[in-house]
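S.K.: Just passing along the structure, written as structure tokens.
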Amino acid sequence: GQQVMQIPQYQHVQEGEDFTTYCNSSTTLSNIQWYKQRPGGHPVFLIQLVKSGEVKKQKRLTFQFGEAKKNSSLHITATQTTDVGTYFCAGLPSGGSNYKLTFGKGTLLTVNP
Amino acid sequence: DAGVTQSPTHLIKTRGQQVTLRCSPKSGHDTVSWYQQALGQGPQFIFQYYEEEERQRGNFPDRFSGHQFPNYSSELNVNALLLGDSALYLCASSLDPGAGNTIYFGEGSWLTVV
């Protein structure tokens with residue numbers, strides 16, 4: 001079955017440093033989604049990427065979808081303590097009626113003020 | 001406009017018991033999916049309901065069953081509970097997710113099996 005790998009598993013940064021997490025799918029995706037989960041909370045939708053090579057920005061966050069639609073990245077510029085949490089990517093397989101969203105294991109980001 | 005609401009928020013059950021978790025989707029949403037999130041892991045897809053039918057199922061045993069009602073609310077039932085069923089159970093609602101619609105998660109139900 002489809003697998004989604006995410007690295008790194010953990011990342012600790014000093015406030016103001018940049019952060020990147022990477023996501024790779026074993027199969028081609030119709031879209032990829034990113035979520036943030038604060039400690040003790042539930043996943044909150046950040047963004048969805050659909051097109052090959054797509055790049056989207058939300059303030060300090062930059063999301064990319066690979067040309068082959070199998071990999072993606074999330075980059076945070078100048079991290080802040082409010083960025084703390086686990087960032088998950090989740091992929092929806094391409095082709096046909098497949099509605100199973102597969103999540104990576106997430107990257108836990110901690111920020112030292 | 002209420003988002004996705006789940007109940008109960010926390011519960012403790014004994015091995016072998018049965019549990020029912022409930023979910024009310026965001027207003028206007030017709031698709032409900034259930035996920036299991038173990039500590040330190042990403043959510044894992046249990047199944048999805050659409051038009052009161054189970055549309056797709058993940059790799060979970062038949063002990064996990066569900067239902068969707070005409071008002072689109074949903075229940076997740078787990079029979080013969082095992083210690084390994086202890087997890088956060090998340091409900092997510094959307095319009096047809098295959099069309100790229102945003103998926104909204106509820107705050108989850110924390111299940112502890114002792």
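Top line first, the protein sequences correspond to chains A and B. First residue of the first sequence: 1, per this note's numbering; consecutive thereafter. First residue of the second sequence: 1, per this note's numbering; consecutive thereafter. Cβ atoms here follow ideal geometry from the backbone N, Cα and C, with glycine treated the same way. Since we're looking at a predicted model, the values are computed, not measured.
Could you pull the DSSP bridge partners for L88 of chain B from this structure?
M.R.: Residue numbering aside, residue 88 of chain B sits at position 88 when the second sequence is read from its first letter. According to DSSP, L88 of chain B bridges with B:Q37 and B:W110.
S.K.: Could you tell me whether the Cβ of H42 of chain A comes closer than 8 Å to any Cβ of chain B?
M.R.: As a position in the first sequence, residue 42 of chain A is number 42, starting the count at 1. For H42 of chain A, the answer is yes, since a Cβ of chain B falls inside 8 Å of its Cβ.
S.K.: Based on Cα-Cα distance, which residue from B:S65, B:R57 and B:R22 lies nearest to E107 of chain B?
M.R.: As a working mapping, residue 107 of chain B is identified with position 107 in the second sequence. Among B:S65, B:R57 and B:R22, the Cα nearest to that of E107 of chain B is on B:R22.
S.K.: From S26 of chain A to R63 of chain B, what does the alpha carbon distance come to, in whole angstroms?
M.R.: Counted from its first residue, the first sequence places residue 26 of chain A at position 26. Counted from its first residue, the second sequence places residue 63 of chain B at position 63. Spanning the two alpha carbons is a distance of roughly 29 Å.
S.K.: Taking Q64 of chain A as the query, report the chain B residues whose CB atoms sit under 7 Å from its CB, ordered along the chain.
M.R.: If you number the first sequence from 1, residue 64 of chain A lands on position 64. Here the premise fails: no neighbours, minimum Cβ distance about 17 Å.
S.K.: Quick check: A87 of chain B and Q18 of chain B, are their CB atoms within less than 8 Å of each other?
M.R.: Locating residue 87 of chain B in the second sequence gives position 87, counting from the first residue. Locating residue 18 of chain B in the second sequence gives position 18, counting from the first residue. Result no, Cβ atoms of A87 of chain B and Q18 of chain B do not sit closer than 8 Å.
S.K.: Please check if any C-beta of chain A sits within less than 8 Å of the C-beta of F105 of chain B.
M.R.: Position 105 of the second sequence, counted from the first residue, corresponds to residue 105 of chain B. Yes, F105 of chain B lies at the interface with chain A (some Cβ there is under 8 Å from its Cβ).
S.K.: Count the other CB atoms within 10 Å of the CB of K57 of chain A; is the residue buried (16 or more) or exposed (fewer)?
M.R.: Reading the first sequence from its first residue, position 57 is the one you call residue 57 of chain A. Exposed, by the Cβ-count rule.
S.K.: With a CB to CB cut of under 6 Å and the five nearest residues on each side skipped, what residues in its chain are close to S33 of chain B?
M.R.: The residue labelled residue 33 of chain B in the question sits at position 33 within the second sequence. Excluding sequence neighbours, S33 of chain B sits near Q48 and A92.
S.K.: Whose C-beta lies closer than 6 Å to the C-beta of P39 of chain A among residues of the same chain, with five residues either side of it excluded?
M.R.: Here residue 39 of chain A corresponds to residue number 39 of the first sequence, with the count starting at 1. Same-chain partners within the cutoff: there are none.
S.K.: Please name the residues in the region 54 to 80 of chain B whose beta-carbon is closer than 9 Å to at least one beta-carbon of chain A, in chain order.
M.R.: R55, Q56, R57, G58 and N59
S.K.: Express the C-alpha separation of S109 of chain B and Q6 of chain B in angstroms, rounding to a whole number.
M.R.: Walking along the second sequence from the start, residue 6 of chain B turns up at place 6. Walking along the second sequence from the start, residue 109 of chain B turns up at place 109. Near 7 Å, if we compare the C-alpha coordinates of S109 of chain B and Q6 of chain B.
S.K.: Counting only runs that start and end within the region 2 to 55 of chain A, where is the beta strand (DSSP E) found for 3 or more residues in a row?
M.R.: Entirely contained in the region 2 to 55 of chain A, the beta strand (DSSP E) runs reaching 3 residues are, in chain order, 4 to 7, 10 to 14, 19 to 25, 29 to 37 and 44 to 49.
S.K.: Out of B:P8, B:K26 and B:T9, state which residue places its alpha-carbon closest to the alpha-carbon of Y72 of chain B.
M.R.: Start at 1 with the first residue of the second sequence, and residue 72 of chain B comes out as number 72. When each option's Cα is compared against that of Y72 of chain B, the closest is B:K26.
S.K.: Residues in the same chain with beta-carbon distance under 7 Å from I12 of chain B, minus the five sequence neighbours each way, listed in chain order, please.
M.R.: Residue 12 of chain B sits at position 12 when you count from the first residue of the second sequence. Taken in chain order, the residues that qualify are T112 and V114.
S.K.: Could you please give the first and the last residue of the uninterrupted beta strand (DSSP E) stretch that includes K13 of chain B?
M.R.: For the purposes of this step, residue 13 of chain B is identified with residue 13 of the second sequence, where counting begins at 1. Looking at the DSSP string, the run of the beta strand (DSSP E) that includes K13 of chain B is H10 to K13.
S.K.: Going by Cα to Cα distance, which pick from B:D96, B:H10 and B:H29 is closest to Q56 of chain B?
M.R.: What you label residue 56 of chain B is simply residue 56 of the second sequence in a count that begins at 1. Nearest C-alpha to Q56 of chain B: B:D96.
S.K.: Hey, T21 of chain A and T107 of chain A are a contact pair by Cβ (cut 8 Å); roughly how many whole angstroms apart?
M.R.: What you label residue 21 of chain A is simply residue 21 of the first sequence in a count that begins at 1. What you label residue 107 of chain A is simply residue 107 of the first sequence in a count that begins at 1. The pair is a contact, with the Cβ atoms about 4 Å apart (cut-off 8 Å).
S.K.: Mind checking if P43 of chain B is an interface residue toward chain A, Cβ cutoff 8 Å exclusive?
M.R.: Sequence index remark: in the second sequence, residue 43 of chain B carries index 43 (1-based). Yes, P43 of chain B counts as interfacial toward chain A.
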